[in-house]
Structure formats: structure tokens, C-alpha cells
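What follows is one structure encoded as C-alpha cells, with my remarks underneath.
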Amino acid sequence: MIDVAIEWLGNTLLIVGAASVLIGGIGVIRMPDLYSRMHASSLTDTMATLALFSGLMLHSGFTLATIKLMAIMAFLLLTGPTATYALANAAFRSGIQPPSSTNTNNEEKSAP
Amino acid sequence: MTLDAFLGHFNYWVFAILLMIGFYAVIAKGNLIKKLVGLSIFQSAVFLMYISMSKVEGGTAPILQAGVIDPIYSNPLPQVLILTAIVVGVATLSLGLAIVVRINERYGSIEERELLDAD
Amino acid sequence: MTIVFALFLLTLLVVTALAIVRTKNLFVATMLLSIFSLLMAVNFFILDAADVALTEAAVGAGVTTVIFLSALRLTSQFERGTLASSRWIAVIVVVITTVLLISGTINTPNLGDPNAPVHQHVAPFYLENTEALMGFPNVVTAVLSSFRGYDTLGEVFVVFIAAVGVMFILDARQGTGPEYELPVDKGLKHHLIPRAVGGLLIPFMLLFGLYVQFHGEYGPGGGFQAGAIVATAFILYAILEGERTALKAFSRNAQMALIIGGSTLYGAVGVVCMLKGGTFLDYSVLMEDPVIARQVGIIIIELGVGMAVCGALLSIFHSFAARKPVEHAK
């Protein structure tokens with residue numbers, strides 16, 4: 001009984017993870033400016049990683065593969081948001097402004 | 001053309017297409033670094049062909065497993081060749097990029113048309 | 001289901017390659033090349049080549065991208081147009097060659113056909129005799145280090161030559177003024193997050209590199225992958241802390257010593273085998289039991305390969321990183 005419940009929970013988590021990747025992908029294409037697009041793609045970094053890897057861990061049970069999956073999940077959770085931060089920082093330093101009421105199109109800074 | 005023939009040869013067709021995309025970048029682009037990028041795509045396509053040749057249907061990676069009755073393994077020999085080729089590829093790519101850097105310092109540009117006109 | 005996934009990945013490869021060739025921004029091309037290498041690594045894994053996938057991911061998606069970015073810093077980031085007249089000739093040549101290549105695959109065996117000629121002659125010998133002659137499971141490492149050890153020796157020498165060549169080309173003195181000294185490092189000092197995360201990751205990367213080095217016989221791994229992973233850890237340290245601090249941690253002389261030591265170790269094992277009465281690189285004469293002797297020989301030469309690859313990749317990176325970009329009046 002508990003096995004069936006764990007398997008169903010694992011499948012649900014996998015579907016949630018796949019849906020997060022899809023939503024993140026649609027967001028990257030449809031969002032208007034750079035910073036919103038990065039925000040959408042960070043959904044893939046965090047939510048999809050957690051959901052997909054938790055689903056895979058539930059499917060593996062108490063084997064060595066679960067510990068390896070946990071290590072990979074920790075690595076991805078560390079490096080994904082760091083990459084998003086580095087990208088946003090580089091974009092800001094090179095002059096792309098976040099949108100405000102007077103700057104709705106990511107215009108460059110006027111003064112260096 | 002049957003589905004079986006299509007699925008059985010798709011890897012080789014992708015190899016031919018990637019090979020020619022990389023080759024086009026080498027011959028038709030004027031920027032030296034773009035040519036090296038095209039060469040890198042060319043190399044990766046050749047690796048894809050060799051590894052596609054090594055696959056055996058129903059096989060696993062060629063790491064012997066104890067206690068399995070009548071196992072099927074994929075062919076290890078092309079994998080060994082490609083392992084060496086990948087590292088050699090990055091070595092020659094770095095040499096090529098070093099030469100491009102020196103060309104840029106000497107002539108001020110890495111566009112083929114400007115380099116041919118300069119000398 | 002795997003077939004659909006494999007077809008989708010191959011189509012993605014073609015799309016990425018087209019995007020790489022079409023874009024005019026070389027930075028975009030480098031990033032797309034990194035994605036291309038990672039997709040290729042996943043493809044290799046689907047085709048049952050675990051060792052090759054690990055090497056392609058570590059070397060292709062990791063080190064190649066860093067070297068391209070270092071070269072882009074020293075040249076320009078944007079590409080101007082192509083030679084207009086020769087473009088149509090190039091397209092015609094490319095299309096004709098593609099049609100010829102595809103027509104050449106018409107009567108070849110299908111993917112995965114076990115009766116294809118490539119699986120008939122040499123490969124069954126390696127698969128049957130590895131357990132008896134070597135005593136460990138990874139057939140690819142056995143073939144790479146022992147059955148075809150000469151090729152690997154040549155490849156270590158090629159990596160050596162490439163590192164020395166880049167050293168000749170890029171370590172030449174640019175000038176004698178004070179602006180050609182290595183600057184006092186900022187590294188990424190004002191960026192807290194990459195430094196914190198990098199500091200967490202570097203010890204684990206080194207540990208993983210050591211694991212891959214010594215477990216090459218029991219799973220995917222070996223000298224090449226381990227050398228690339230350890231080199232990547234040190235490159236990350238150099239990016240975070242700056243060139244001068246990284247050279248204090250691991251100086252150019254130490255890198256050269258690794259390259260020379262690795263190649264010499266490999267050759268020395270071969271010569272010791274000759275001195276003990278066998279032929280060059282015949283490890284079975286090293287000890288009394290030939291199976292244990294082959295395992296010992298393979299561990300030592302894999303260590304040599306790992307040292308040489310690590311030192312060479314690091315040396316190439318530092319050659320690029322220490323060079324000053326030169327401004328030209330256009």
C-alpha cells in the first residue's frame with residue numbers, strides 16, 4: 001500500500017518538474033525584457049531541480065543511487081542560481097537598465 | 001523508405017549534415033575564430049559517427065558485469081579511439097587560437113579579407 | 001521511448017549548429033558551442049559510450065569554452081560580413097557533398113546491427129579476454145591503457161607538444177614597460193556570491209577528480225577525465241582569485257613539472273618493462289602474477305596521463321590569461 005503511494009508521489013513530482021521546465025521555457029520566450037527572462041529561467045534552476053530529483057529519489061528507494069542523486073541535486077541548487085546572479089550582474093554592469101516607469105525598454109544608461 | 005531504414009540511418013544523416021555545417025563555416029566565413037568554431041563542430045560530427053557505429057542494439061556500456069547471463073556489450077574499440085581524439089582536438093584548438101591571438105596583435109584584425117589586403 | 005528522445009536530441013544538435021554558424025556575435029557562438037558539446041555528451045551517453053560522454057562533457061563543454069573565452073578577450077567579440085562572392089560556391093559545394101555523403105549511407109548496416117562488420121573481428125577478442133588478462137571490468141580502460149597503450153603514449157606526447165607550442169606562441173614577452181606586468185588582483189573580489197559558491201565547490205571538484213582518476217578501472221573514468229576535472233578546479237580558482245594569486249598557488253614551473261613528469265612516467269614504465277625482460281609497455285613482466293602486474297602498470301600510466309593532461313590544460317589557460325590585450329588604432 002505504502003509502495004503504491006510512494007510511486008504515485010514520485011510520478012506526481014516528476015510531472016510537476018516537467019511542467020516547471022515547460023513554464024520556464026515559455027517564460028523565457030515571452031517575457032518582455034532581460035531581467036524578467038532571467039527570472040523565468042531561474043524557475044528551471046530551482047523548482048524543476050527540486051521536483052525532478054525528489055521524484056527520482058522516491059523512485060530509487062534506499063539505494064546508493066539516492067545518495068548520488070542527492071549530491072547532484074545539491075550541486076545543481078548551488079550552481080544554478082549563482083549562474084543567474086553572475087548573468088544579471090554582468091548585464092547590469094554593462095548598462096542594461098531594469099525597466100521602470102521612465103525606461104520601459106531596457107535602454108542603455110545615458111552616462112557611462 | 002521504410003521507418004526501419006530511417007531510424008537505422010538517422011544518426012549517419014545527422015553526421016553528414018553537421019559535418020557540412022562545420023565545413024561551411026570553415027570555408028565561407030571570413031572571421032578566423034568563426035573558422036575555428038566550425039572546425040570544432042566538424043570534429044564533433046566525426047566523433048558522433050564513430051560512436052554511432054559502436055552501438056549494439058540491446059547492449060549496455062562495455063563495463064563487464066558479473067553474474068549476468070549472456071550479456072550484450074557495445075563495441076569498446078571506437079570509444080577508445082574517440083577518447084583520444086577528443087583530448088587531441090582540444091590541444092590543436094588551443095594552438096590554433098594562440099596563433100589567431102598573435103595574428104590579431106600583429107595586424108590589428110582577424111578578418112580574412114583585411115588580412116589578405118594588408119600583406 | 002528512448003528512440004524519440006534520441007531523435008529529438010539529434011535534431012537539437014543540428015539546430016544548435018545552424019545557430020552557431022549564423023550568429024555574428026562570437027560570444028554567443030562560444031556559449032552555443034558549449035551547449036552543443038553538452039548535447040553531444042548526452043548523445044554519447046544514449047549510444048552507450050559512458051567514458052566518452054564523461055570526457056566530452058569535461059573537456060568539450062568545460063575547458064574548450066574557457067579557452068575560447070580567453071581568446072575572445074584578446075581579440076574582438078564581433079564578426080564582420082563574409083566574402084560575398086564566394087558564398088554561393090561554398091553553399092553549392094556543401095549541398096553536393098551532403099547529398100553524396102547521405103547517398104553513401106544507403107546500403108550500410110542499420111544503427112545497432114549486431115552483425116555489422118565492425119563488431120566481428122577485434123572487439124569480441126577484447127570483450128572476452130579482459131576479465132582473464134586484466135582482472136577488472138572496464139573494457140575501455142583496458143583497451144586504452146594496455147591493449148592499445150602505444151596510441152595513448154602518442155596522445156600524451158601530442159598534449160605535451162600543444163602545451164609547449166602555446167607557451168612558445170603566447171609567452172613571448174610583449175614589451176618591457178610597466179604596463180605589461182601582471183596587475184594586482186581584483187579577481188572577482190567584489191562579487192561575493194561566486195566567490196562563496198566557488199570556494200565551496202573547489203575542494204569537492206578536486207576530490208571528484210581524484211575519485212575519477214583511481215576508479216577508471218571499475219567504472220567510467222581514467223586519466224583524461226581526471227586531468228580535465230582537476231584542471232577545471234584550478235581554472236575556477238584562477239578566475240575567482242585573479243591571475244597573480246593563482247600563480248602563487250600553482251606556479252608555471254609546477255605546471256611544467258606536471259606535464260614533463262606525466263609523460264616521463266608513462267615512458268619510464270615502458271622502459272622498465274623492457275629492462276625486466278619484456279617488450280616496451282608489456283606490463284606483465286613487472287611482477288610475478290601477470291594479472292596484478294598489468295593492473296599495477298595501468299594505474300601508474302593512468303596517473304602519468306592524468307598529470308600530463310592536467311598540467312597541459314592549466315598551462316594553456318595561464319598562457320592565454322597572462323597575455324595583455326593590445327589596443328590597435330583602427
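Protein chains in written order, with this note's numbering: chain R, 1 to 112; chain H, 1 to 119; chain V, 1 to 330. Backbone N, C-alpha and C define an ideal beta-carbon position, used for all residues, glycine too. These figures come from a predicted structure and were not determined experimentally.
Using only CA atoms, which one of the options lies nearest to residue i?
i                            : options                              : result
glutamine 43 of chain H      : H/Gly89, H/Asn75, H/Tyr24            : H/Gly89
valine 164 of chain V        : H/Leu83, H/Arg102, H/Leu95           : H/Leu95
threonine 60 of chain H      : H/Phe47, H/Pro76, H/Ile33            : H/Pro76
tryptophan 88 of chain V     : H/Ile63, H/Lys35, H/Ala28            : H/Ala28
arginine 73 of chain V       : H/Gln79, H/Glu105, H/Ile69           : H/Glu105
leucine 38 of chain V        : V/Met1, V/Ala19, V/Gly62, V/Thr23    : V/Gly62
proline 98 of chain R        : R/Asp33, R/Leu87, R/Phe53, R/Phe75   : R/Asp33
threonine 108 of chain V     : H/Met53, H/Gln65, H/Tyr24            : H/Met53
valine 87 of chain H         : V/Gly223, V/Gly242, V/Gly267, V/Val4 : V/Gly223
isoleucine 259 of chain V    : V/Ala226, V/Met287, V/Gly304         : V/Gly304
histidine 190 of chain V     : R/Ile96, R/Asn89, R/Ser94, R/Gly95   : R/Asn89
isoleucine 26 of chain R     : R/Ile15, R/Leu14, R/Leu43            : R/Leu43
valine 56 of chain H         : V/Asn253, V/Ala49, V/Ala308, V/Val15 : V/Ala49
serine 340 of chain V        : H/Ile41, H/Gly30, H/Leu32            : Residue numbering for chain V in the displayed model covers 1 to 330; residue 340 of chain V lies beyond these limits and cannot be assessed.
isoleucine 193 of chain V    : R/Gly17, R/Ala86, R/Ala18, R/Ala65   : R/Ala86
aspartate 171 of chain V     : V/Phe317, V/Pro203, V/Leu13          : V/Phe317
glutamate 302 of chain V     : V/Val28, V/Leu69, V/Phe204, V/Gly216 : V/Gly216
phenylalanine 250 of chain V : V/Ala162, V/Ser263, V/Val230         : V/Val230
glycine 30 of chain H        : H/Glu111, H/Leu115, H/Ala118         : H/Glu111
alanine 19 of chain R        : R/Ala51, R/Glu7, R/Leu69             : R/Ala51
proline 114 of chain V       : H/Ser74, H/Asp70, H/Asn11            : H/Ser74
leucine 64 of chain H        : V/Thr105, V/Gly270, V/Leu127         : V/Leu127
Mind checking whether the beta-carbon of residue i lies closer than 8 Å to any heavy atom of the ligand ZN?
i                       : result
arginine 113 of chain H : Among the components of this structure there are no ligands whatsoever, and the ligand ZN is therefore not found.
If you reduce the DSSP assignment to three classes, tell me which class residue i lands in.
i                            : result
isoleucine 72 of chain H     : coil
threonine 60 of chain H      : strand
asparagine 110 of chain V    : coil
glutamate 217 of chain V     : coil
isoleucine 23 of chain R     : helix
glutamate 111 of chain H     : strand
phenylalanine 53 of chain R  : helix
phenylalanine 234 of chain V : helix
phenylalanine 44 of chain V  : helix
phenylalanine 5 of chain V   : helix
phenylalanine 204 of chain V : helix
phenylalanine 280 of chain V : coil
phenylalanine 250 of chain V : coil
proline 99 of chain R        : coil
serine 110 of chain R        : Bear in mind that a pLDDT of 42 at serine 110 of chain R, under 50, signals an unreliable position, so the number given afterwards is only what the model happens to contain. Residue state, collapsed to three classes: coil.
Please list the partners that residue i has in chain R, where partner means a Cβ-to-Cβ separation under 8 Å.
i                      : result
proline 194 of chain V : Thr82, Tyr85, Ala86
What does residue i reach in chain C if we use C-beta pairs closer than 8 Å?
i                       : result
tyrosine 126 of chain V : Protein chains in the displayed structure are R, H and V, and chain C is not among them.
Note down, in chain order, every chain V residue with its Cβ under 9 Å from the Cβ of residue i.
i                       : result
threonine 79 of chain R : Val197, Leu201
glycine 59 of chain H   : Asp48, Gly112, Pro114
List, in order along the chain, the chain R residues whose C-beta lies closer than 9 Å to that of residue i?
i                        : result
histidine 318 of chain V : None at all; the shortest Cβ gap to chain R is about 22 Å.
histidine 191 of chain V : Tyr85, Ala86, Asn89
Who are the neighbours of residue i on chain V, taking C-beta pairs under 7 Å?
i                       : result
lysine 55 of chain H    : Leu47, Asp48, Leu111, Gly112
threonine 84 of chain H : Asp151, Thr152, Glu155
valine 37 of chain H    : Ile20, Ala29, Leu33
Chain H partners of residue i, CB-CB under 8 Å?
i                           : result
phenylalanine 36 of chain V : Ile41, Ser44
isoleucine 3 of chain V     : Leu7
glycine 165 of chain V      : Leu95, Ala98
arginine 80 of chain V      : Gly30, Asn31, Glu111
Could you name the residues of chain V that residue i contacts, counting a contact when the two beta carbons are closer than 8 Å?
i                         : result
isoleucine 110 of chain H : Thr75, Ser76
Which bits of chain H does residue i rub up against, with CB to CB less than 7 Å?
i                     : result
valine 272 of chain V : Within chain H, no residue comes near valine 272 of chain V; the closest Cβ sits about 23 Å away, beyond 7 Å.
List, in chain order, every chain H residue whose beta-carbon is nearer than 9 Å to that of residue i.
i                           : result
phenylalanine 44 of chain V : Phe47, Leu48, Ile51, Gln79, Ile82
Ranges of the alpha helix (DSSP H) found wholly within the stretch 115-155 of chain V, counting only runs of at least 4: Whole alpha helix (DSSP H) segments, 4+ residues: 123-133, 139-142.
Proximal residues, the stretch 204-216 of chain V versus chain H, C-beta separation under 8 Å: For the stretch 204-216 of chain V, there are no residues whose beta carbon sits under 8 Å from a beta carbon of chain H.
Contact set between the stretch 125-144 of chain V and chain H, restricted to residues whose Cβ is under 7 Å from the partner: The residues in question are Tyr126, Leu127, Thr130, Glu131, Pro137, Asn138, Val139, Val140, Val143, Leu144.
Contiguous alpha helix (DSSP H) assignments of at least 4 residues, all confined to the stretch 4-68 of chain H: Fully enclosed alpha helix (DSSP H) runs of 4 or longer: 32-54.
Chain V contacts from the stretch 8-27 of chain H (Cβ-Cβ distance under 9 Å): So the close ones are Gly8, His9, Phe10, Asn11, Tyr12, Trp13, Val14, Phe15, Ala16, Ile17, Leu18, Leu19, Met20, Ile21, Gly22, Phe23, Tyr24, Ala25, Ile27.
Contact residues within the stretch 89-103 of chain H, judged by C-beta distance below 7 Å to chain V: Going along the stretch 89-103 of chain H in chain order, one finds Val90, Ala91, Thr92, Leu93, Ser94, Leu95, Leu97, Ala98, Ile99, Val100, Val101, Arg102 with a Cβ nearer than 7 Å to chain V.
Every unbroken beta strand (DSSP E) within the stretch 32-80 of chain R, with a cutoff of 3 residues, ordered by chain: Within the stretch 32-80 of chain R, complete beta strand (DSSP E) segments of at least 3 residues are not found at all.
Residues, ordered as in the chain, of the stretch 259-283 of chain V that lie near chain H by beta-carbon distance below 9 Å: Answer in chain order: no residues at all.
Contacting positions in the stretch 52-65 of chain V - beta carbon closer than 7 Å to chain H: Per Cβ criterion, the list reads Val52, Thr55, Glu56, Val59, Gly60, Val63, Thr64.
Selection of the stretch 222-238 of chain V by Cβ proximity to chain H, strictly under 7 Å: If the cut-off is 7 Å between Cβ atoms, the stretch 222-238 of chain V has Phe224 near chain H.
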